[in-house]
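Just remember that the working numbering sits 335 ahead of the position in the sequence shown, which is counted from 1.
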Amino acid sequence: MLKTTKTISINGSSEIDGQVIVYMSASLSTTGTGSENINKTINNQELYNANKSEVRKDMRDFEDLVYEEQDKLDTYVNEVKTEKVGK
Numbered sequence: 336m337l338k339t340t341k342t343i344s345i346n347g348s349s350e351i352d353g354q355v356i357v358y359m360s361a362s363l364s365t366t367g368t369g370s371e372n373i374n375k376t377i378n379n380q381e382l383y384n385a386n387k388s389e390v391r392k393d394m395r396d397f398e399d400l401v402y403e404e405q406d407k408l409d410t411y412v413n414e415v416k417t418e419k420v421g422k
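Written as structure tokens, this is what we have:
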């Protein structure tokens with residue numbers, strides 16, 4: 336039996352002078368199961384070490400964006416559940 340899930344992917348990168356220092360990705364479940372994840376990969380350790388404060392700000396901004404989307408999804412999933420119960 337086929338079982339599928341729908342997810343939302345969010346990708347970003349922290350770049351300085353055109354160089355990708357950190358690649359970030361997130362996957363959010365659209366079913367409200369809480370199976371979300373955020374990944375960060377440092378592509379250039381030397382540039383990361385030299386620019387930690389800026390890169391870490393980018394990583395926090397990425398996390399904030401992901402959490403905003405997660406909150407929107409949670410609200411949507413709860414609204415759909417409420418509509419189904421009301422029918």
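Think of the CB as a built atom: it goes at the ideal place given N, C-alpha and C, for glycine as much as any other residue.
If you check the beta carbons only, do residue i and residue j fall under 8 Å apart?
i      : j      : result
Asp399 : Ser349 : no
Ile377 : Ala361 : no
Val390 : Ile373 : no
Met336 : Gly347 : no
In three-state terms, what does DSSP make of residue i?
i      : result
Thr410 : helix
Leu337 : coil
Ser348 : strand
Short of 7 Å in beta carbon distance, which residues of its chain neighbour residue i, apart from the five on each side in sequence? Order them along the chain.
i      : result
Thr342 : Ser362, Leu363, Ser364, Thr365
Leu382 : Ile351, Gln354, Ile356
Asn386 : Ile351, Ile356
Phe397 : Gly347, Met359
Lys375 : Val357, Met359, Met394
When the cut-off is 8 Å and only beta carbons count, does residue i lie next to chain B?
i      : result
Thr366 : Going by chain labels, chain B is absent from the structure shown, which holds only one protein chain.
Length-filtered (4 minimum) alpha helix (DSSP H) runs lying within the region 356-406: Here the runs fully enclosed are 380-385.
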